[in-house]
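Scroll down for the structure; my scribbles are underneath it.
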Amino acid sequence: MIRHHVQNPCKREQISVCSFSVRPSERGCVHVSIIALDHVTKRFGETIALNDFSLHVEAGELFGLLGPNGAGKTTAISVMLNLYPADSGTIRIFDRVMPKDEQAIKQRVGIVPQHVSVYDQLTVFENIQFFAELYGFKPAEAKQKTEAALDFVELTAHQKKRPPELSGGLLRRLNIACGIVHEPELIFMDEPTVAIDPQSRNTILENIRELNRRGATIIYTSHYMEEVEMLCDRVAIVDEGKIIAEGTQDELKDQVMTLETARIKVDALTPGLIERLGALSQVKKVEYHEPYIEVSLEKDTPLAPLLDVLHDAKVRFTSITVDRPSLNTVFLALTGKTLRE
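Here it is, written out as structure tokens:
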């Protein structure tokens, strides 16, 4: 379980407090590694939780760690933050060494833990303000930061309530506000949408996009495939403590994709059309599922020969699409299991 944890806050740089933003980062620089993990291993007794784990994340990325429960995602974040010390390997964040520079690093980092980590005896406002003061803001400035964070996660109307009075979705939004009130450059979000209603989920996903647009580098862990597909620039697939694949979504799909499927919606078949399409050199299979002709092609095959056959056969078609594999297909191909297993 990841918890918010800061000790002995150091002096903070001066930043705007009039509205919620993130502090200037190195976004836009070429190949600036905000996170660099090299050959990290972590054991718990006989269990190897991270096995030769290497990961580099650049400034401004919204980076997804995708894997089933128990794959090592939360352990990886915990090791990056020195909540669990690594047994071997090196960890650099903001080009500083963890754990030697832990306090300087943590001033620039926000944590949104998987398990909601707030205080039931405090109001929503008081919880957020507590974390602002924990990061070194004086009371007046902490109040301004709290108001801005409340507005950002749309909790202003609930600021006088205590956590037990909130729904699951509102609690998750409070959890986010506590993790970002100090305007961190790097934010770790560990399963932030678990067990919440669709409206709160959509609000949180939009909050995450907006934080990234404002300059934050975000590490996003999830076992919800569709969230990672919607949000993330690059993705690492984690299984049994290892990164088994990493890249942009297109790069990951290219690793497992040997065929594409062209789906052609036709008004009607003409005699011999299926056979003529099947005779094309790069076509592997043709099937008809009314009203669609589905053509399995070698990857990156031009569609012009298909269109020529349709034209010559005087077949009217209303649409043609080429399906690429989903991240779920990629995950299944690389791990041999579904994400929910």
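Going from the sequence shown to my numbering is simple: count from 1 and add 2. Every residue gets a Cβ at the ideal spot worked out from N, C-alpha and C, and that includes glycine. As the structure is a prediction and not an experimental result, all values here were calculated from the model.
Please report the residue range of the alpha helix (DSSP H) in which residue i lies.
| i | result |
| --- | --- |
| residue 227 | 227-233 |
| residue 326 | Residue 326 -> no alpha helix (DSSP H), and no H or E assigned at all. |
Can you give me the C-alpha to C-alpha distance between residue i and residue j, rounded to a whole angstrom?
| i | j | result |
| --- | --- | --- |
| residue 184 | residue 335 | 41 Å |
| residue 30 | residue 218 | In this predicted model, residue 30 has a pLDDT of only 47, less than 50, meaning its place in the structure is not dependable; the value taken from the coordinates is given anyway. C-alpha separation (whole angstroms): 12 Å. |
| residue 28 | residue 96 | For residue 28, the pLDDT reaches just 48, beneath the cut-off of 50, and the residue's location in the model is therefore unreliable, leaving the point undetermined. |
| residue 134 | residue 197 | 27 Å |
| residue 124 | residue 154 | 20 Å |
| residue 113 | residue 83 | 9 Å |
| residue 51 | residue 65 | 21 Å |
| residue 235 | residue 273 | 46 Å |
| residue 137 | residue 143 | 11 Å |
| residue 323 | residue 338 | 28 Å |
| residue 203 | residue 160 | 18 Å |
| residue 164 | residue 41 | 43 Å |
| residue 285 | residue 59 | 39 Å |
| residue 108 | residue 181 | 12 Å |
| residue 171 | residue 315 | 56 Å |
| residue 7 | residue 85 | Note that residue 7 has pLDDT 43, beneath the 50 cutoff, so the model's placement of it is unreliable and the number below is only indicative. So the two alpha carbons sit approximately 9 Å from each other. |
| residue 256 | residue 291 | 27 Å |
| residue 141 | residue 147 | 10 Å |
Whole-angstrom Cβ separation of residue i and residue j, contact assumed at under 8 Å?
| i | j | result |
| --- | --- | --- |
| residue 111 | residue 186 | 5 Å |
| residue 264 | residue 308 | 6 Å |
| residue 254 | residue 299 | At roughly 20 Å, the Cβ-Cβ gap does not stay under 8 Å, so residue 254 and residue 299 are not in contact. |
| residue 73 | residue 240 | 5 Å |
| residue 90 | residue 43 | 5 Å |
| residue 156 | residue 205 | 6 Å |
Which residue marks the beginning of the beta strand (DSSP E) containing residue i, and which one marks its end?
| i | result |
| --- | --- |
| residue 46 | 35-46 |
| residue 265 | 261-268 |
Using beta-carbon positions only, say whether residue i and residue j come within less than 7 Å of one another.
| i | j | result |
| --- | --- | --- |
| residue 2 | residue 70 | Since the first and last residues shown for the chain are 3 and 343, residue 2 lies out of range. |
| residue 188 | residue 79 | no |
| residue 179 | residue 151 | yes |
| residue 297 | residue 275 | no |
| residue 115 | residue 192 | yes |
| residue 176 | residue 126 | yes |
| residue 320 | residue 67 | no |
| residue 57 | residue 93 | no |
Per DSSP, residue i is paired with what?
| i | result |
| --- | --- |
| residue 98 | 95 |
| residue 240 | 245 |
| residue 321 | 267 |
| residue 288 | 297 |
| residue 112 | 189 |
| residue 283 | BP columns for residue 283 are empty, so no partner. |
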